[in-house]
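Asker:
Numbering (the numbering used here), first residue to last: 86 to 401.
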């Protein structure tokens, strides 16, 4: 199997007056078991020194569309931060997020919601994250393979929206797609690590105030945009659209901090938690700048199939 890679270019909790998610209970598709993300945490709150990021010029094309040169598979044994790899299972580019410790959540004077507190140190192992949100075209291949249930909207198979993020998928549908792609949904800790990187930034691109050039949020467009449309808003590792466009399902139950991976929040659905909220990250087209911060959390019933919730996959 040919593996391909290159270095990428570097550079919510629902608050009042935000739209409510539209819930529809859909049949749960069969899915394969996936690994539980590994992370540890301590409850000690610490203040992080934040340095304002230099504004990034608006890019004309996202790096997600750049060709990937072929390399030997051994090169992926010690991947570099931001290295890109083409997953043969789904034919999609993934970016390497290095393991390490970071401050998860928000300090009391920075938090928009109590769900973001307390800020605490978390350590995660390195992982590969899909460079963009899953598109309608990508999800359609899973439907065609008989492994995924079609989304509950009318445009998921419309060629005009092929490169838009797939939406209107429940948590179970998102999990089934991730398994088909050979991976799983990220944990909350992994998602926030990918967004914050090593410098503890506020947004995926840094600390610069959000603008129409950096993200799709707060109804500045009024609809989803094709994935990778906001290259200027990419993360330190070259991940696109982490902030804005659509919320992204994670594997994690929406439980209180501190985050501890083995306390049950990453457990699969059981009789006791089958209807418990699962966390989504990243904000969306209808949500304010508060919700596209790296620390913002939002919980949704797993049966929710909404026009502003999508997903991206991780591999480990």
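Every residue gets a Cβ at the ideal spot worked out from N, C-alpha and C, and that includes glycine. Note that the structure is predicted; figures quoted are calculated from it, not measured.
In the structure shown, what three-state DSSP assignment does residue 357 receive?
Answerer: Note: residue 357 maps to coil in three-state DSSP.
Asker: Considering only DSSP beta bridges, list what residue 288 is partnered with.
Answerer: Residue 288 is bridged to 291.
Asker: How many angstroms separate the CA atom of residue 335 from the CA atom of residue 382?
Answerer: The alpha-carbon atoms of residue 335 and residue 382 are separated by roughly 10 Å.
Asker: Determine which residues share a DSSP beta bridge with residue 172 and list them.
Answerer: The partner list for residue 172 (beta bridge, DSSP) reads 177.
Asker: Does the distance from the C-beta atom of residue 223 to that of residue 177 stay below 8 Å?
Answerer: Contact flag set, yes.
Asker: Could you tell me whether the Cβ atoms of residue 349 and residue 364 are closer together than 8 Å?
Answerer: No. Outside cutoff.
Asker: Could you tell me the alpha carbon to alpha carbon distance between residue 170 and residue 180, rounded to whole angstroms?
Answerer: Spanning the two alpha carbons is a distance of roughly 6 Å.
Asker: Is the beta carbon of residue 266 closer than 8 Å to that of residue 390?
Answerer: Not a contact, by the Cβ cut-off of 8 Å.
Asker: Do three or more CB pairs link the stretch 257–272 to the stretch 210–227 at distances below 8 Å?
Answerer: A contact exists between the stretch 257–272 and the stretch 210–227.
Asker: Pairing CB atoms from the stretch 336–355 with CB atoms from the stretch 272–281, are three or more of them under 8 Å?
Answerer: As far as the Cβ criterion goes, the stretch 336–355 touches the stretch 272–281, which means the pair count is three or higher.
Asker: Do you know how far the Cα of residue 270 is from the Cα of residue 233?
Answerer: Approximately 15 Å between the Cα atoms of the pair.
Asker: What three-state label does DSSP hand residue 52 in the structure shown?
Answerer: Absent from the model: residue 52. The displayed extent of the chain is 86 to 401, so no value can be given.
Asker: Between residue 340 and the rest of its own chain, which residues show a CB-CB distance below 7 Å, the 5 nearest in sequence each way excluded?
Answerer: Answer for residue 340: 350, listed in chain order.
Asker: Buried or exposed, going by whether 16 or more other CB atoms sit within 10 Å of the CB of residue 258?
Answerer: Looking at its Cβ environment, which holds 16 or more other Cβ atoms inside 10 Å, residue 258 is buried.
Asker: Taking the straight line between their C-alpha atoms, what separation do you get for residue 355 and residue 272?
Answerer: Computed Cα separation, rounded: 18 Å.
Asker: Quick one: which unbroken beta strand (DSSP E) runs of 3-plus residues sit fully inside the stretch 217–288? Chain order, please.
Answerer: Complete beta strand (DSSP E) runs here, min 3: none at all.
Asker: Relative to the C-alpha of residue 197, which residue among 373, 184, 185, 299 is closest?
Answerer: The option with the nearest alpha carbon to residue 197 is 373.
Asker: Taking the alpha-carbon of residue 436 as reference, which of 377, 333, 313 has the nearest alpha-carbon?
Answerer: The structure shown does not extend to residue 436, since the chain spans only 86 to 401, so no value can be given for it.
Asker: Once DSSP output is grouped into helix, strand and coil, what is the label at residue 401?
Answerer: The answer is coil: DSSP assigns residue 401 none of H, G, I, E or B.
Asker: Should residue 368 go down as buried or exposed, given a rule of 16 or more other Cβ atoms within 10 Å for buried?
Answerer: By the 10 Å Cβ count, residue 368 comes out buried.
Asker: Hey, would you say residue 333 sits closer than 8 Å to residue 396, going by beta carbons?
Answerer: Result yes, Cβ atoms of residue 333 and residue 396 sit closer than 8 Å.
Asker: Looking at C-beta atoms only, is the number of pairs between the stretch 193–212 and the stretch 316–325 that lie closer than 8 Å three or more?
Answerer: Because the criterion of three Cβ pairs below 8 Å is not met, the stretch 193–212 and the stretch 316–325 do not touch.
Asker: Below 8 Å on the Cβ atoms is my guess for residue 167 versus residue 288; work out the distance and round it to an integer in Å.
Answerer: Residue 167 to residue 288, Cβ: 17 Å. No contact.
Asker: From which residue to which residue does the beta strand (DSSP E) around residue 204 run?
Answerer: Neither: residue 204 is in no beta strand (DSSP E) and is coded neither H nor E.
Asker: Ordered along the chain, which non-local residues of its own chain (more than five positions away) have a Cβ less than 7 Å from that of residue 183?
Answerer: Excluding positions up to five away in sequence, the list reads 166, 211.
Asker: Helix, strand or coil, according to DSSP, for residue 185 in the structure here?
Answerer: Note: residue 185 maps to strand in three-state DSSP.
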